[in-house]
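A.B. asks: Pasting a structure below so you can have a look.
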Amino acid sequence: MDAYEIRFFCEKLLKGAVNIVELLFTDNLYYTSTYWSQLLSLRESLISEQVILQYIAFIKRNMKLINSGKYTGTVKERKSFYQVFHKLLSLESFVVGGNPVVTCTGSDRDYLMKIRHEPLEGDFDRALLYFEAQRRLGLACDQLLGRVKRFQEYGDYRILQMWLLMVRGISLKEPLKMVTPPI
């Protein structure tokens, strides 16, 4: 990985990009480096209110796509429903101060697999699923607003800064300080 790629990864992580954040919370790792393991040990410090907003935006984008009717009855529509309900699990986890749900098990997994692979009819009718997604999103947003304990507003850039320097082979005797340009 070159300097540009790793910088881009860190920027996306701080912005709360759903796919990048989930990389830190997956259990299905086939290969890891010492550097990656060190970042994983600090992953909870990168969960922030910004990450939650990105999850909400991701869900809303997929719901807008579903609502457009452009892909009604297609694999793409089922995938969008799958993604909505999968990300809702993470949002519901954030409500109680938890981490993103990347790998689902039990009834959650069964439910998601039915959405992903079976026709959208009966209990999994398109209109019913859309209504249920709206209901759960609204409930999760209300619960997020009513929380007493919140995550930090943004991920801790200092952790990524130190990790990035370590990956690049730059050792520091003392932590770096953020320098703001003069106005």
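So that you can map any letter, position 114 of the sequence shown is 122 in our numbering, and since no number is skipped, the others follow by simple counting.
Backbone N, C-alpha and C fix where the C-beta goes; we use that ideal spot for every residue, glycine too.
Can you grab the Cα-Cα spacing for the pair TYR12 / LEU172, in whole Å?
C.D. replies: Taking the first residue of the sequence shown as 1, we reach residue 12 at position 4. Taking the first residue of the sequence shown as 1, we reach residue 172 at position 164. TYR12 and LEU172: Cα-Cα distance of roughly 11 Å.
A.B. asks: Do ARG155 and VAL109 come within 9 Å of each other at the CB atom, strictly closer than that value?
C.D. replies: Translated into the one-based positions of the sequence shown, residue 109 becomes position 101. Translated into the one-based positions of the sequence shown, residue 155 becomes position 147. No.
A.B. asks: Please give the ranges of any alpha helix (DSSP H) in the region 133-178, keeping only runs that are unbroken, at least 4 residues long and fully inside the region.
C.D. replies: As far as the region 133-178 is concerned, its whole alpha helix (DSSP H) runs of at least 4 residues are 134-153, 165-175.
A.B. asks: Below 7 Å CB to CB, which residues in the same chain sit around GLN151 once its five sequence neighbours on both sides are set aside?
C.D. replies: For the purposes of this step, residue 151 is taken as residue 143 along the sequence shown, with counting starting at 1. If we look at GLN151 and ignore the five residues flanking it on each side, its Cβ neighbours are VAL103.
A.B. asks: Just the C-alpha distance for PRO190 and LYS23, rounded to the nearest angstrom, thanks.
C.D. replies: In the sequence shown, the residue the question calls residue 190 occupies position 182. In the sequence shown, the residue the question calls residue 23 occupies position 15. With a pLDDT of only 44 at PRO190, under 50, the local geometry of the prediction cannot be trusted, and the value read off the model is given with reservation. Using only the alpha carbons, I get a separation of about 25 Å.
A.B. asks: For a test of the three-state rule: what should DSSP assign to LYS78, helix, strand or coil?
C.D. replies: On the sequence shown, residue 78 is found 70 positions in, with the first residue counted as 1. Correct three-state label for LYS78: coil.
A.B. asks: Decide if GLY106 is buried, meaning its Cβ has at least 16 other Cβ atoms within 10 Å, or exposed.
C.D. replies: Numbered from 1 along the sequence shown, position 98 holds the residue referred to as residue 106. GLY106 is exposed by the Cβ-count criterion.
A.B. asks: Of all the options THR113, TYR63, GLY77, which has the alpha carbon lying nearest to the alpha carbon of VAL26?
C.D. replies: As a position in the sequence shown, residue 26 is number 18, starting the count at 1. Nearest of THR113, TYR63, GLY77 to VAL26, Cα basis: TYR63.
A.B. asks: Do the CB positions of GLU161 and GLU57 come within less than 9 Å of each other?
C.D. replies: Along the sequence shown, one-based indexing puts residue 161 at 153. Along the sequence shown, one-based indexing puts residue 57 at 49. Contact flag set, yes.
A.B. asks: Between the Cα of ARG134 and the Cα atoms of LEU147, ARG86, ASP118, which residue gives the shortest distance?
C.D. replies: In the sequence shown, the residue the question calls residue 134 occupies position 126. Ranking LEU147, ARG86, ASP118 by Cα distance to ARG134 puts ARG86 first.
A.B. asks: Roughly how many whole angstroms lie between the Cα atoms of ASP118 and PHE159?
C.D. replies: Taking the sequence shown and counting its residues from 1, the one referred to as residue 118 is at position 110. Taking the sequence shown and counting its residues from 1, the one referred to as residue 159 is at position 151. Roughly 30 Å between the two C-alpha positions.
A.B. asks: Under the assumption that ASP164 contacts LEU54 (Cβ atoms under 8 Å), give the Cβ distance between them as a whole number of angstroms.
C.D. replies: Counting from 1 along the sequence shown, the entry for residue 164 is found at position 156. Counting from 1 along the sequence shown, the entry for residue 54 is found at position 46. The pair is a contact, with the Cβ atoms about 7 Å apart (cut-off 8 Å).
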